[in-house]
Every structure is written in C-alpha cells, then in structure tokens.
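K.L.:
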Amino acid sequence: MMFARSFLLVAVTLAASVDTFAQEKEQPTAVTISIPSKGLILFDAKTNDKATGTFVLDNGNIFGTIISADFARQLGLEPVENKPYDLTLDIGGQAFSLTARVGEAPNNWMSNSLKRKYHCLVGYDFFVKYLVTIDYPAAQLTIAPYPANPEETKKGINAAAILDFEYVEHAALVKSVIHKSKEEKLETHFFVDCGMTGNSISKEFYAKLQTPQKSGLTHAPLFSSGGTAWKNVPFFIIDVPAVQETARIAKKEVAGLLGRPFMERYRVTLDYQGKRIFIEKNPAAAEKKEK
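Numbering follows this note's numbering, in which position 182 of the sequence shown is assigned residue number 170; successive positions increment by one, without gaps.
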C-alpha cells in the first residue's frame, strides 16, 4: 500500500512537472520589431494562422482590444458584438495571445495620420499581460512576457524618469505639475496614452493655464512628473470625452493626455503590473544625433 501511494505521488508530481514544462514552453520570448517612425504605433501580424491584420497599439483604449467585423470574418469567426474571441498573433516568429471583442474602432481624433486600414485596436488588456517597450528614436517595439519576479522588470533599464501611475478605469494616471511661471504652478493629473499622436489639455484646464496659443496649440513652459521636468511641452487644447468621463468616475482633476510628443525622444517601458512607466534616453539615438 505504501508503495502504491509512493508510485501515485511520483506519477502526480511528474504529471504536474510535464504540465508546468508545457506551460513554460508555450510562453513566448521577447521580440523586437520595427514600427513607423511617425504617427501611430502599428504592426502587422498573422492571426490565428489565417489572415494578416494591421494592429494599432493603444494603451489608452480603456474598452480593451477591439477587432473589426470584417477582420473577424477573415479569421473564420462569426462577428457578434461584445463577444470575446481568443486570438493568437504571430509577432516576430513568436505566438502572443490576446482576447478581443468585435466593435467599431473608436474614432481617434488623431487617427487621420494613418493612411491605411487597420483591423485591430490593441487596448489596455494587452499591456496588463505583456511588458511593452516602445523605443521611439530607434522606431522599434519590444513585447515580452512579464518576469516571474517583478523586481527583474527594471533590470537593464537605465531610467531617466520613473512615473508611478494610478490605475483608474484601465487608464494610467500620473501626477503632474505644470509651472505657469516661477511663482505659479498647477498640480493636476494626466493619462499616458501611446495611442495618441499628440498631447492634449482640456479647455477647462487651459482656462487656468492661459499660455499663448495659436490654432488650438499651446506650450507648457515647464512640465514635471516623477521628479523629472520637461521644458516647452506642446499641447492641443481639446476636450476628449473619454478622459472627462474617467476623471469624473475617479473624482480627480485630469488635465488631458500625454501622447507621442511627450515620449518620442525616449525609450518607454509600460509596466502595467508594477504600475510604473520607465522613461530612458536612447544612447544610440543620441550618438546618431550628435554625428
């Protein structure tokens, strides 16, 4: 009887080990791919081994990942609005999984910079599952599984700034200060949104700021967040309904969105599991600029 129990224990242990090994084997390794040097962050990926689609990366899409009905049909799926579908993307030879719903892609007010049809808006849920690094100067995107030990996430990252964020309604909200002058500063919050090709502030916040503007574009003389300051940051003066609604739910003042112009000189890692954003200078890009 003792032998039988021992045999059963060994069998169960081996089965668990095989299952664990299989799960580990299925995990993709980090991949780095090229992205456009301007505009929205997009890439092509063969999906479910059936059709290739164009994917737009947008952590600011708080509604999650959305695919078009047309693309769903190309994948052999019956498009039903809001029904979740499991997708497998071949990115750089590695298989990355995500869950998407069929719906109308949100009308991004800057999306006219994209001159070709896209099939999927990759939302916040992808960033929760995978560690995403956008190297703007090098025009590269790196996607990797999160390490088992959260402390390993920051290994190899030479951050010039670390922005801790509050996770509000699936959006990354950072505390910020805009210095209107040496004497006057405005404390507020911004959503970090890699899916925006411009920075924005609301009309209500601009009424407090009152910096010079031309054709709806103004500049903050000094903007600071996470202990780091940036000079002369451009902002479009525009109300974004999703921002206002999320701010209302969070019961916080949210001035607007920090998009590509805020991040495009840096290598940016969005660590959703650690609720922090690493902003680091790209040495290679800096050397290239000096030459």
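Glycine included, every Cβ here is placed at the ideal spot set by N, Cα and C.
All values reported here derive from a predicted model rather than from experimental measurement.
Figure out for me which residue from Met251, Ile21 and Leu205 has the closest Cα to the Cα of Leu129.
P.N.:
Looking at the Cα atoms, Ile21 is the closest of the given residues.
K.L.:
Please classify Asn137 as buried or exposed, where buried requires at least 16 other C-beta atoms within 10 Å of its C-beta.
P.N.:
exposed
K.L.:
Taking Asp46 and Leu109 to be in contact with their CB atoms under 8 Å, please state how far apart those CB atoms are, rounded to whole angstroms.
P.N.:
About 5 Å separates the two Cβ atoms, so the contact holds.
K.L.:
Assuming the contact rule is C-beta atoms closer than 8 Å, Val221 and Phe250 should be a hit. Round their C-beta distance to whole Å, please.
P.N.:
6 Å
K.L.:
With DSSP as the reference, identify every bridge partner of Lys202, one or two as the case may be.
P.N.:
Leu205
K.L.:
Compare the Cα-Cα distances from Leu210 to each of Ile166, Ile265, Ile55 and Leu258 and report the closest residue.
P.N.:
Ile166
K.L.:
What are the boundary residues of the alpha helix (DSSP H) that Phe115 is part of?
P.N.:
Tyr112 to Lys117
K.L.:
Measure from the alpha carbon of Val256 to the alpha carbon of each residue in Arg248, Phe266, Ile225 and Gly247, then state which is nearest.
P.N.:
Phe266
K.L.:
Which one or two residues does DSSP pair with Lys34 in a beta bridge?
P.N.:
Thr40 and Asp78
K.L.:
Please determine, among Ala159, Val162, Ile79 and Phe153, the residue with the shortest C-alpha to C-alpha distance to Ile131.
P.N.:
Ile79
K.L.:
Tell me the rounded alpha-carbon separation between Gly183 and Tyr155.
P.N.:
17 Å
K.L.:
Should the stretch 237 to 253 be called in touch with the stretch 183 to 195, which here means at least 3 C-beta pairs below 8 Å?
P.N.:
Using a C-beta cut-off of 8 Å, the stretch 237 to 253 makes contact with the stretch 183 to 195, since at least three inter-stretch Cβ pairs fall below that distance.
K.L.:
So the candidates are Ser213, Phe114, Ala33 and Thr199; which of them puts its Cα closest to the Cα of Phe223?
P.N.:
Thr199
K.L.:
Alpha carbon to alpha carbon, how far is Ala208 from Leu246?
P.N.:
Spanning the two alpha carbons is a distance of roughly 12 Å.
K.L.:
Following the continuous alpha helix (DSSP H) through Lys196, name the residue where it begins and the one where it ends.
P.N.:
Lys191 to Leu197
K.L.:
If I measure Cβ to Cβ from Ala10 and keep anything under 8 Å in the same chain, skipping five residues before and after, which residues do I get?
P.N.:
Residue confidence is low: Ala10 scores 41 on pLDDT, short of 50, so the model does not pin down where it sits. Its coordinate-derived value is still stated next. Once the five neighbours on either side are set aside, Ala10 has no close Cβ partner at all.
K.L.:
Going by C-alpha distance, which of Ala147, Gly186, Asp37 and Thr141 is nearest Asp227?
P.N.:
Gly186
K.L.:
Of all the options Leu205, Asp123, Ala217 and Thr40, which has the alpha carbon lying nearest to the alpha carbon of Ile225?
P.N.:
Leu205
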